[in-house]
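**Student:**
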Amino acid sequence: MSSNEKKSSAEPFIAFIIIIALSALFSAYLTFRLQFERSKEPPEPKTKEMSFQTMRIKEQERKQKHEHFHLVTDDINLEAWADKSTCLICHSPYPHGKNRKAKAIMNLHTEFLTCHACHLKAEHQEKVRFGWVNPTAHKPQGKPYGTSIDVANGLFAETDDHYSKLTPFIQVNGGWKAVTSEEGVEAAKKYMEQGKTYSPEKKKEIEDRLHQGTELKEFIKCSSCHSATSIMNFKELAFDPARINQLVQMEIGGMLTNYDVFYFPQIFEEKFK
Amino acid sequence: MNRKKIVLLCIVACLLLLPLWCSLSFARDPENCLFCHKYRRLRGYDEKGVLHNYYVDAKLHNESIHRDVACVDCHTDIDQVPHKADAKKVDCSKECHIDKWKIMSGGPFSHQEVAENYRTSIHGVKPDDKPEVAQLKPDCKYCHVDDIYELSEEVPSDPVLKRCMNCHKEKGLKDIFIHIYHRFKRKHVRKPLEIVELCSGCHADKDFQNVMGFTGARAEVVETYKETIHYRILQLGGQDTADCTNCHAGGTIHNILPVSDPKSSVNPENRYRTCQAEGCHPGASPRISNIDSHLSKDKDKGIEITIIESAMQGVMWFTLFFLFTLMGMETYGRLRNHDARFFRWLRVPQKFTGKLPAGKHHIDEIPNLHRYVEFNPKGDYPRYSINIVINHFLVGITFTVAVATGLPLYFHNSAISHEVINLVGGINVTRVIHRFNAALFTFNCLYHLIVLLCGTLKRMSSRTFDIRRTQFPLWKDAKDLYFDIRYFLGLEKARPHMEKFMYKQKVHYLAMIWGCSVLTLSGVCLLFPESMVNYLPFPKVSFNLLRLLHADESVLAFLVITLWHLYNVHIAPGRFPLQWAFWNGRITRDHQIEEHYLEYERQVAEGIAECEEDKLAKGGQSNEQ
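Chains A and B supply the protein sequences, listed in that same order. Residue numbering for the first sequence follows the working numbering, beginning at 176 and increasing consecutively. Residue numbering for the second sequence follows the working numbering, beginning at 140 and increasing consecutively.
Spelled out as structure tokens, the structure:
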């Protein structure tokens, strides 16, 4: 009986302490923590998981948005291929930097060609054909971007296919197989994440393995495609005659090769000044 | 010259002019720069690893404000193709050749005046700037992109334009008219939030601040601006409040000057004119410069305000702590002492087994009388007049509307706030509703004061006024609180005998008086800053403080009402789910006896209530309903 009485006198005391403590904590949360929560910036919307290089480019573009005066639209193709090409996991979509005068001209091709269109392994170079590959589940209605000219403004015609790229097809077991380098994506991602911890020997070994199907030196020159004897059958590849005409008669390749300077004629200056 | 030769010459001339015509019909690209630059990935890294973008989206450029300017008019150092890799940066103050402009000036167009204006501003590079500082100062293209020319949004049928066109029939006049006209409507092409983002690009960047040597308030300008009502309105979808340039850019947008410069639009001497400009605060007087336009809750704003703000936080914590403790105690105590079950309709009166001698008044002889009495769920005894019921209704409505339209501004970063504002009909509608609601709220306060005054005078004249039956706090209330807590902890046998308004109601009522006064006064300050700053003493402290208190007090009121009021009248044990006093002003018998015993005694004496003790003494357990 006496132990029961003792118990009943301790219980309200414990309840009192618990109630006081909980009230103090909850009040403190509402008074101080709530203000902190309030000043938080809204969370960034989640973006699609991208490869390291694509994220890097996106971040660079964000930082450099004040560097480029002319308005630009999003590069849909960049995201479409971000996780579909082993090369683009480690290399930038603007990979050519050695040739100072031609790097940008070479880089512009990455929107239309997979890396292997130029860097195909030597043993396949003799017998190769080209075709369009769309790495996404999206099924566009129009023709690939860059195959048609809009007569109204002389620019590339509007299309919903900004995904497809030209890629080489090689003969495997009697049939034609597209070379897109998708199979090494996971290995390349792992290498990008953990590569810094590897020894130089291991690094070289992995890099060699990743480059197994790739010829580091490009096997085609400008004129290989941009000439009447192009290795690409532009007509079969759905290019319009007007666009084919532009592509095969391009003198830019020749200019770059020979670096013949062409000065703007004075006629323009005379007209406008 | 024979006919054949003339035809041949014409054909040759046409062929020669064909490229020129082609380029003019699209964008001004006579040199066919887009031959290469139309490719999206015409980009490359330089030796330092910086990625350069040489791409020009031709479709967008064709619709841009610079579509009539030839590439070489801006990129003047390029005179060959393929051009050198190290093309110079464009100098926007150079002359360019736009035919349309010649209609106005007769000569080539130039941004020279603007560039000169900009050079003298705080953003212009000065000869004594350190190289690292000069490098960080923004050039033209940091703020300007090749904006799309928005022709369609304007009013080409304007009667003024028609009158101009009587004489000035030149092609292009309409474009120039529209160009000038849209400047009357908007200071800049960008939306206000885009301006804030633009300025934040540098001013919120910690690395930038370190190089520039910005510390203290100067390093917090973006954060503090984002706490102002101006930004909150913008963030929630409004357009017609001040962004950075509205205050800092003064008359011409490019001559932003340091605050210390006497010509600066934000110099304390000129600030009221800036507030007056663009019709924002037309009645602003020089005293408006006392208002801290970057006032923030979280940042340093002077010792006086910091102390009072901290005290307010202390008050808030203590209020919540006090109320939560009482809620906890009451829940624990009333359940422990078997005073109530959670659902009020499950309450069954206990059987009274005590013995009381018959034939006399037994009031005050049964400590827990409320446990034995029956009650009408809709109320037994009168408690509130119809006026108080109306007051309560109006408070309920105006409080809910004020919370729904006000708190989203306080929690402006929350996604829910945006949802609520959209649901109400946008920020502008929300602001109107909030103000109308505030007027109704103030009217209700006045109505309540009149009711109180008339009621008190009436009672005084009939000599029935008793201060103990009012909300006026008395020493007894403190004693009641002490003994009530003892009862909840099981240290007392019964609850104390309390007045018509017990300590809980008095705390609540005092809080209402404080809250209504602060919210009304601070609300008026926010609504009429230019007038109120003239009337308030020490506006630098009082005005800024009141603006902060509007939000503080709102949050406190919201928490108290949602947690404390909700608890006491809806979810306290024995009160769930609701009582009908809000509708008919009546209180149930058990409730009156339990928490307002002295009022019950008086009502027995006045003949309004029957003596329940007598009934129990006579053996009558139940009351007729």
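Idealized CB from N, CA, C, for every residue including glycine.
For residue 266/A, which option in 328/A, 342/A, 229/A has the closest C-alpha, if you only look at C-alpha atoms?
**Tutor:** Measuring from the Cα of residue 266/A, the nearest candidate turns out to be 229/A.
**Student:** Taking the alpha carbon of residue 174/B as the point to measure from, which residue in 550/B, 193/B, 187/B, 185/B has its own alpha carbon closest?
**Tutor:** Residue 193/B is the option with its Cα nearest to residue 174/B.
**Student:** Enumerated in chain order, which unbroken segments of the alpha helix (DSSP H) with a length of 4 residues or greater are wholly contained in the stretch 197-226 of chain B?
**Tutor:** Counting whole runs of 4 or more residues, the stretch 197-226 of chain B contains the alpha helix (DSSP H) stretches 197-201, 210-213.
**Student:** Alpha helix (DSSP H) containing residue 614/B: first to last residue?
**Tutor:** Taken as a continuous stretch (DSSP letters only), the alpha helix (DSSP H) holding residue 614/B covers 614-627.
**Student:** What does the alpha-carbon distance come out to for the pair residue 353/B and residue 456/B?
**Tutor:** Approximately 35 Å, taken between the alpha carbons.
**Student:** Within this structure, are the beta carbons of residue 413/A and residue 318/A separated by less than 7 Å?
**Tutor:** In contact: residue 413/A and residue 318/A (Cβ atoms closer than 7 Å).
**Student:** Is it right to say residue 231/A is buried, meaning 16 or more other beta carbons lie within 10 angstroms of its own, or is it exposed?
**Tutor:** Its Cβ having fewer than 16 others within 10 Å, residue 231/A is exposed.
**Student:** Taking 7 Å as the CB-CB cut-off, is residue 264/A touching chain B?
**Tutor:** No, residue 264/A lies away from the interface with chain B (no Cβ there is under 7 Å from its Cβ).
**Student:** Using the rule of at least 16 other Cβ atoms within 10 Å of the residue's Cβ for burial, across every protein chain shown, is residue 822/B buried or exposed?
**Tutor:** Residue 822/B is absent from the model: chain B starts at 140 and stops at 764.
**Student:** Taking Cβ to Cβ, would you say residue 356/A is nearer than 7 Å to residue 293/A?
**Tutor:** Not closer than 7 Å, so no.
**Student:** Output, in sequence order along the chain, the residues in the stretch 232-246 of chain A whose CB is closer than 9 Å to any CB in chain B.
**Tutor:** If the cut-off is 9 Å between Cβ atoms, the stretch 232-246 of chain A has 232, 235, 236, 239, 240, 241, 242, 243, 244, 245, 246 near chain B.
**Student:** Assuming residue 324/A and residue 384/A are in contact, meaning their beta carbons sit under 8 Å apart, how far apart are those beta carbons, in whole angstroms?
**Tutor:** Contact flag wrong, Cβ pair sits at about 43 Å.
**Student:** Taking any Cβ of chain A, which residues in the stretch 441-473 of chain B have a Cβ under 7 Å from it, in chain order?
**Tutor:** If the cut-off is 7 Å between Cβ atoms, the stretch 441-473 of chain B has 452, 455, 456, 459, 460, 463, 464, 467, 468, 471 near chain A.
**Student:** Count the CB pairs spanning the stretch 745-757 of chain B and the stretch 468-488 of chain B that are closer than 8 Å, and state whether there are at least three.
**Tutor:** The stretch 745-757 of chain B is not in contact with the stretch 468-488 of chain B.
**Student:** Name the chain A residues whose beta carbon is nearer than 9 Å to that of residue 200/B?
**Tutor:** Going along chain A in sequence order, the residues near residue 200/B (Cβ under 9 Å) are 245, 246.
**Student:** So within the stretch 426-487 of chain B, which uninterrupted alpha helix (DSSP H) runs reach at least 4 residues, ignoring any that extend past its ends?
**Tutor:** The qualifying runs are 442-475.
**Student:** Under the rule that 16 or more other beta-carbon atoms within 10 Å means buried, what is residue 252/A, buried or exposed?
**Tutor:** The residue is buried, with at least 16 neighbouring Cβ atoms inside 10 Å.
**Student:** Does any residue of chain A bring its CB to less than 7 Å from the CB of residue 183/B?
**Tutor:** For residue 183/B, the answer is yes, since a Cβ of chain A falls inside 7 Å of its Cβ.
**Student:** Drop a sphere of 10 angstroms on the beta-carbon of residue 805/B, count the other beta-carbons inside from all chains shown, and report buried for 16 or more, exposed for fewer.
**Tutor:** No answer is possible for residue 805/B: the residues shown for chain B start at 140 and end at 764.
**Student:** Can you look up residue 601/B in the DSSP assignment and give me helix, strand or coil?
**Tutor:** Of the three classes helix, strand and coil, the one that applies to residue 601/B here is coil, per DSSP.
**Student:** Residue range of the alpha helix (DSSP H) that residue 362/A falls in?
**Tutor:** First-last of the alpha helix (DSSP H) with residue 362/A: 360-369.
**Student:** Measure the Cβ-Cβ separation of residue 387/B and residue 405/B and say whether it is below 7 Å.
**Tutor:** For residue 387/B and residue 405/B, yes; Cβs fall inside 7 Å.
**Student:** Three Cβ pairs or more, each shorter than 8 Å: is that satisfied between the stretch 558-577 of chain B and the stretch 373-380 of chain B?
**Tutor:** Yes, since at least three Cβ pairs between the stretch 558-577 of chain B and the stretch 373-380 of chain B fall closer than 8 Å, the two stretches touch.
**Student:** Counting Cβ pairs closer than 8 Å, one from the stretch 237-250 of chain A and one from the stretch 344-353 of chain A, do we hit at least three?
**Tutor:** Touching, no.
**Student:** Please confirm if residue 194/B has its CB atom under 7 Å from at least one CB of chain A.
**Tutor:** Yes, contact with chain A.
**Student:** Please give me, in chain order, every unbroken run of the alpha helix (DSSP H) with length at least 4 that falls completely inside the stretch 252-322 of chain A.
**Tutor:** DSSP runs (the alpha helix (DSSP H)) wholly in the stretch 252-322 of chain A: 262-265, 278-282.
**Student:** Under 8 Å, CB to CB, which of the residues in the stretch 373-407 of chain A have a partner in chain B?
**Tutor:** Those residues of the stretch 373-407 of chain A that come within reach of chain B (Cβ to Cβ, closer than 8 Å) do not exist; the list is empty.
**Student:** Ignoring anything shorter than 4 residues or poking outside the stretch 551-611 of chain B, list the alpha helix (DSSP H) runs there in chain order.
**Tutor:** 554-563, 566-600, all fully within the stretch 551-611 of chain B.
**Student:** If we call anything under 7 Å between Cβ atoms a contact, is residue 508/B one with residue 726/B?
**Tutor:** No, Cβ-Cβ distance for residue 508/B and residue 726/B is not below 7 Å.
**Student:** Can you look up residue 740/B in the DSSP assignment and give me helix, strand or coil?
**Tutor:** Of the three classes helix, strand and coil, the one that applies to residue 740/B here is helix, per DSSP.
**Student:** Under 7 Å, CB to CB, which of the residues in the stretch 355-379 of chain B have a partner in chain A?
**Tutor:** Flagged: no residues at all.
**Student:** Using a Cβ-Cβ distance cut-off of 7 Å, determine whether residue 523/B contacts chain A.
**Tutor:** For residue 523/B, the answer is no, since every Cβ of chain A falls outside 7 Å of its Cβ.
**Student:** Hey, could you find the ends of the alpha helix (DSSP H) residue 636/B is sitting in?
**Tutor:** Neither: residue 636/B is in no alpha helix (DSSP H) and is coded neither H nor E.
**Student:** Helix, strand or coil: which one does DSSP assign to residue 344/A?
**Tutor:** If DSSP states are grouped into helix, strand and coil, residue 344/A belongs with the strands.
**Student:** Assuming residue 177/B contacts residue 197/B under a Cβ cut-off of 8 Å, what Cβ separation, rounded to an integer in Å, is found between them?
**Tutor:** About 5 Å separates the two Cβ atoms, so the contact holds.
**Student:** Opposite residue 117/B in the DSSP bridges: which residues?
**Tutor:** Summary: the structure shown does not reach residue 117/B, with chain B confined to residues 140 through 764, and so no result is reported for it.
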